[in-house]
Every structure is written in C-alpha cells, then in structure tokens.
Amino acid sequence: MHRWTDLSEVPGDFGPSVVTIGNFDGVHRGHTGVLSRMVADARAAGARSVAVTFTPHPQQVHRPDEAPPLLTGDADRLELLAQTGLDAVLLLTYTLEFAQQTAEEFVRTYLVEGLRARTVVVGRDVRFGRGNAGDLATMTALGERYGFSVEVIEDVAAAPGDGVADALDRRWSSTWVREALAAGDVRQAARVLGRPHRVRGTVVHGDKRGRDLGFPTANLAQDATGMVPADGVYAGWLRRPGQPAGSPDAVLPAAVSIGTNPTFEGAQRRVEAYVLDRTDLDLYGEEVVLELVELLRPTLRFDSVDALVEQMHRDVDGVRAVLRPAAG
Ligand SMILES: Cc1cc2nc3c(=O)[nH]c(=O)nc-3n(C[C@H](O)[C@H](O)[C@H](O)COP(=O)(O)O)c2cc1C
Ligand SMILES: Nc1ncnc2c1ncn2[C@@H]1O[C@H](COP(=O)(O)OP(=O)(O)O)[C@@H](O)[C@H]1O
1 MHRWTDLSEV PGDFGPSVVT IGNFDGVHRG HTGVLSRMVA DARAAGARSV
51 AVTFTPHPQQ VHRPDEAPPL LTGDADRLEL LAQTGLDAVL LLTYTLEFAQ
101 QTAEEFVRTY LVEGLRARTV VVGRDVRFGR GNAGDLATMT ALGERYGFSV
151 EVIEDVAAAP GDGVADALDR RWSSTWVREA LAAGDVRQAA RVLGRPHRVR
201 GTVVHGDKRG RDLGFPTANL AQDATGMVPA DGVYAGWLRR PGQPAGSPDA
251 VLPAAVSIGT NPTFEGAQRR VEAYVLDRTD LDLYGEEVVL ELVELLRPTL
301 RFDSVDALVE QMHRDVDGVR AVLRPAAG
C-alpha cells in the first residue's frame, strides 16, 4: 500500500480511483467492512482504491478539550488500513489553515485533480470543508460538476453470529470501543474491533522495583498511542515489531498492569507488561505493542509487598489460563 502524506507524492499517472474520506479511528469492523467492499469493487472496475484521512484527528485541532482519546495512533491506523487491501492512503496533516478550504476547493484539489476519483464513497452523515459546510448534497452536486459518482454507504451493524448478542443492531463504532475500554472490557472491545485492542509505545525506565519483586516489567512511555483502558491487570501479548517476523521472541505472553501502583503510593498512571517466564529480555528503547485479551482483576492496594507478589503469581496463572487456547 502506498502511504502518502502530500499530493506531491502521488504519481502523475495515478488513477482512476475509488476514494473514501474518514478518520477511521480504531479501524473497527464497520470500517473494515466498508473498506474491503470498496477495495473489491474498485478492483473489479479496474480502479485504484484510496482512503483519505487526517492527522491529528480534526477534533483535536478544533476542540482539543472535548476530543476523545484515540483508539489507534497513526502507525497502527496505517497498518490496519493496509490490511484491508487498499492501494493507497493519503494521510493529510490537519491544521486550522487546512480546515479553511471550502468544500469545493478540497474536493477539486484532492479528490479530482490529485487522485482522479471516479467514485467517492461516503457515509450519509459526511461533513467536509470550511465550517463543515459540505454535506452529502454538496458532494453529489460536486460529483456532477467534476464527473465522479457518489456512493453512500449504509451503517454496518452487529448481527447474529458476531458474538455481541447483547447488542444486536448496534452500529459498529469507535464510541462503542471506547465505552468497552473505559470499563476494562477488552473482550467486548475486541469483538467490535475484530481483533484485540493495542497500545503501542517505547519501553522506558521505571522505578527499578520490578526485578527485585521477581517480575521485571516493560514500562511504556507516557506518549504511548492507543487508548489506555481502565486500570487493572490484563492478560495479553507483547509484540515486538522490531524482531524478524516468525522469530520466537516476536510475540510473547504477558501480564499487563495498568494503574498508579497504589501499593507503592505511585502518582503516575503506568502501562507495564511482565513477559511470562523471562528475565533475560532487554527491551529498553524498543517500540512494543501490547495486545489486551482479557481483564483479570482491578488494580489493588496491598498492605505488603509480599501480598502483592503472591497475587502477581496468581495473575500469571490467570494469564496462562486465558492465553492457553490461543497458544494452541
Ligand atoms: C501482573 C502484575 C500485577 C500488578 N498488580 C498491581 C496491583 O494490584 N497493585 C499495585 O500497586 N501494583 C501492581 N503491579 C505493579 C507493580 O507495583 C510494579 O510492576 C512494580 O512496582 C514495579 O515497578 P517498576 O517497573 O517501575 O520497577 C502489578 C504488576 C504486574 C506485572
Ligand atoms: N520478563 C520480562 N518482562 C518485561 N521486561 C523484562 C523482562 N525481563 C527483562 N526485562 C527488562 O527489564 C526491564 C524491567 O525491569 P524493572 O526492574 O521492572 O525496571 P524498570 O523499573 O525500569 O521497569 C524491562 O524494561 C526490560 O528491558
């Protein structure tokens, strides 16, 4: 998949294309359903498929105080978009100046002249251009003027067999995933995402206590991306994108602790992972991805370090029990 951040990177002979616009935060099942269909339709029609998306999220630019936590950072968003089979993603830097373009300027510059769109795929509630003045009717009118068709996608909702019997007909959404993560329900988040939720970050130095407790933990830097779910202890996987694919050390079972370490009167909320049965790893400075599979328990304040360590042994047993089926 081509990853462009500016129109100047798009080859002069690119197109014709089927283009969709969106933020795709989380790249959940609603997104992947629509994108996979679009990819198949474009291929059948001999066209390229492209997603136009933005960074930072427009809400972070316009209303930073109200912007919800992002489910996926750019690295994960692009990787997951690539998995849908798209030919290209145009990741545009969103600024207040960029937002000043009228709906027509945006469509003409990016979709028509830049990507040679033959079809533009949008949701019914699409809004674009200065002051969010453009809507579906605007896009349809622009399509007639510039010679592209507009395809409206209907919401994709949970159906029987999707594993969310408690929420049939609810449309797949980033909001649903955020709700689940805020409650620590990473199982439910995975059902809506179509895969376990990820937090990605660089491993930094902590308080150097883990090793003494017998549980060294890789602490993620505070600028880790991917919404951090509710405090608690989780079963999951620690993935190391820097390792060769297929290497036995590329995907490791882990006990993940999220919280302020109240037993030690910690103040900072941390995301850390203990890789089961390993003391030989050196992960400092490495970028790792934590995949969260199941919540085991809430974070607790223990009266003694011994009590915490005893519980950590039970947590490790819990992680094994959760991951065993997946590990085969
Ligand atoms: C499986 C596991 C469970 C944990 N549970 C708790 C907990 O319930 N309460 C708590 O205060 N800290 C908990 N922690 C965090 C430890 O306090 C922390 O890993 C330890 O203080 C080491 O910190 P360091 O990495 O900064 O050296 C847990 C850590 C792990 C790996
Ligand atoms: N099983 C393991 N799981 C996680 N990190 C490990 C493991 N074994 C060794 N390490 C390394 O040890 C470091 C954690 O040691 P720790 O004493 O907890 O120090 P810190 O307080 O800096 O996190 C990790 O960052 C990693 O480099």
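The UniProt record's numbering numbers the first residue of the sequence shown as 1 and each following residue consecutively. Glycine is no exception: its CB is placed at the ideal position from the N, C-alpha and C atoms.
Asked, Found
"Beta-carbon proximity of L290 to V271, cut-off 8 angstroms", "yes"
"For T140 and E286, the rounded distance between their alpha carbons", "47 angstroms"
"8 angstroms Cβ cutoff, P244 in contact with chain B", "The question asks about chain B, but that chain is absent: this structure has only one protein chain."
"Backbone CA spacing between V107 and N219 [nearest angstrom]", "44 angstroms"
"Uninterrupted beta strand (DSSP E) stretches inside the segment 212–297 (no shorter than 3 residues)", "218–220, 232–239, 251–259, 270–275, 287–297"
"N-terminal and C-terminal residue of the beta strand (DSSP E) that H2 is part of", "2–4"
"Beta-carbon spacing of L238, V293 below 8 angstroms", "no"
"Check: L295 C-beta below 7 angstroms from any heavy atom of ligand 1", "no"
"Range covered by the beta strand (DSSP E) that runs through T93", "88–93"
"Helix, strand or coil at S36 according to DSSP, with G and I counted as helix", "helix"
"Pick from G143, A221, V192 that is closest to V204, judged by C-alpha positions", "A221"
"Expected contact under 8 angstroms - CB spacing of G184 and G232 to nearest Å", "5 angstroms"
"heavy atom of ligand 2 below 7 angstroms from R127 C-beta", "no"
"Rounded straight-line distance, which links the Cα of G266 to that of G12", "55 angstroms"
"Among A250, L193, L7, the one whose alpha carbon lies nearest that of residue 329", "Given that the chain is displayed from residue 1 to residue 328, the structure contains no residue 329 and the question cannot be resolved."
"Sequence ranges, alpha helix (DSSP H) only - wholly within the segment 145–194, length at least 4", "174–182, 186–193"
"For Y94 and P196, the rounded distance between their alpha carbons", "28 angstroms"
"DSSP-derived helix/strand/coil call for V322", "helix"
"Selected residue, minimal CA-CA separation from residue 362, among R170, N23, A159", "Within the shown structure, residues of the chain are numbered from 1 to 328, placing residue 362 beyond reach of any answer."
"Nearest to A42 (by Cα), restricted to the options L136, A180, R118", "R118"
"Any non-hydrogen atom of ligand 2 within 7 angstroms of L220 CB", "no"
"Inter-residue spacing [alpha-carbon to alpha-carbon] between A40 and R48", "10 angstroms"
"Beta-carbon proximity check, D25 vs L70, cutoff 8 angstroms", "yes"
"DSSP bridge partner residues for H197 (one or two, in chain order)", "L292"
"Alpha carbon of F148 to alpha carbon of L115, nearest angstrom", "12 angstroms"
"Check: V61 C-beta below 7 angstroms from any heavy atom of ligand 1", "no"
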